[in-house]
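Structure first, then comments.
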Amino acid sequence: MASRVPKPAFTIRDAVTADLPVLVNFLTRLALHVNGGLAMQLKKSEYQRLYEVLENALESPDKRIVVADLPGVGLIGMGDVTVWSSQSIWEQATVAEYRSAIIDDIWVEPDYRKAGIFKALLKRLVEFADERGAYDLVLEYSSSNKEAKQAWTRLGFVTTGIRAAAFTQNVKEALK
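Here the sequence shown stands for residues 40 to 215, numbered as in the working numbering.
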């Protein structure tokens, strides 16, 4: 009988300021993973912008960043969620606050995938959303990211629309 490979003894905790350099690296690697790009170094201004976005997120009561920490190794994963409110005029006849949680990014280092880290990170993000009264969970992933599609589909997420993106300047030019 084959022996089971033990799962690493990681902990899931809230991110702190000291984690930010690693989180910037994770998000850079996530973007490259999704786009199939080669490893690259961020420009100093790009690094600083991303660092500040994450730093501000740590202070927001409606945002949570969690990390997977493995003793002796360091951070091996991260995830973040934002809870936001809308008046939901399309969902009901009366005006009521409608809260949704947007799962923005989840990253697990490749060497530590299939060890329950993704599920543990997601569980903490969902708990945060639930504590803040979020009615539903929303996320997006690149249409080219087949691994993400499989993971989210297994968890009950279904495609409900198409998100299109454009640079503001390009739209302004097209409107002339």
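No residue lacks a Cβ here, since even glycine has one placed at the ideal position from N, Cα and C.
For residue i versus residue j, is the C-beta spacing smaller than 8 Å?
{"i": "Val-105", "j": "Ala-54", "result": "yes"}
{"i": "Trp-146", "j": "Phe-196", "result": "no"}
{"i": "Lys-160", "j": "Ala-107", "result": "In the sequence under discussion, the amino acid at residue 160 is Leu, which differs from the Lys named in the question. In this structure, Ala-107 lies closer than 8 Å to Leu-160 by Cβ."}
{"i": "Val-165", "j": "Leu-178", "result": "no"}
{"i": "Tyr-174", "j": "Arg-138", "result": "yes"}
{"i": "Asp-144", "j": "Leu-71", "result": "no"}
{"i": "Ala-48", "j": "Pro-110", "result": "yes"}
{"i": "Val-112", "j": "Asn-184", "result": "no"}
Helix, strand or coil: which one does DSSP assign to residue i?
{"i": "Tyr-137", "result": "strand"}
{"i": "Asp-144", "result": "strand"}
{"i": "Leu-194", "result": "coil"}
{"i": "Lys-102", "result": "strand"}
{"i": "Leu-161", "result": "helix"}
{"i": "Leu-59", "result": "helix"}
{"i": "Leu-81", "result": "coil"}
{"i": "Gly-200", "result": "coil"}
{"i": "Asn-64", "result": "helix"}
{"i": "Asn-95", "result": "helix"}
{"i": "Ala-187", "result": "helix"}
{"i": "Leu-71", "result": "helix"}
Going straight from the alpha carbon of residue i to that of residue j, what length do you get?
{"i": "Tyr-86", "j": "Val-63", "result": "7 Å"}
{"i": "Thr-50", "j": "Ala-187", "result": "23 Å"}
{"i": "Glu-170", "j": "Leu-194", "result": "20 Å"}
{"i": "Lys-215", "j": "Gln-208", "result": "11 Å"}
{"i": "Leu-81", "j": "Gly-118", "result": "20 Å"}
{"i": "Ala-205", "j": "Ser-181", "result": "15 Å"}
{"i": "Thr-56", "j": "Val-122", "result": "21 Å"}
{"i": "Val-210", "j": "Pro-100", "result": "33 Å"}
Assuming residue i and residue j are in contact, meaning their beta carbons sit under 8 Å apart, how far apart are those beta carbons, in whole angstroms?
{"i": "Arg-228", "j": "Val-120", "result": "Past the boundaries of the shown model lies residue 228; the chain is included only from 40 to 215, so the question cannot be answered."}
{"i": "Ile-156", "j": "Ile-115", "result": "7 Å"}
What does DSSP give as the partner residues of residue i in its beta bridges?
{"i": "Thr-50", "result": "Asp-108"}
{"i": "Asp-207", "result": "Per the sequence shown, residue 207 should be read as Thr rather than Asp. Answer is none; Thr-207 lacks a bridge partner."}
{"i": "Gly-116", "result": "Ala-107 and Val-147"}
{"i": "Thr-121", "result": "Lys-102 and Ile-141"}
{"i": "Asp-169", "result": "Note: Asp-169 sits in no beta bridge, so no partner."}
{"i": "Leu-178", "result": "Ile-142"}
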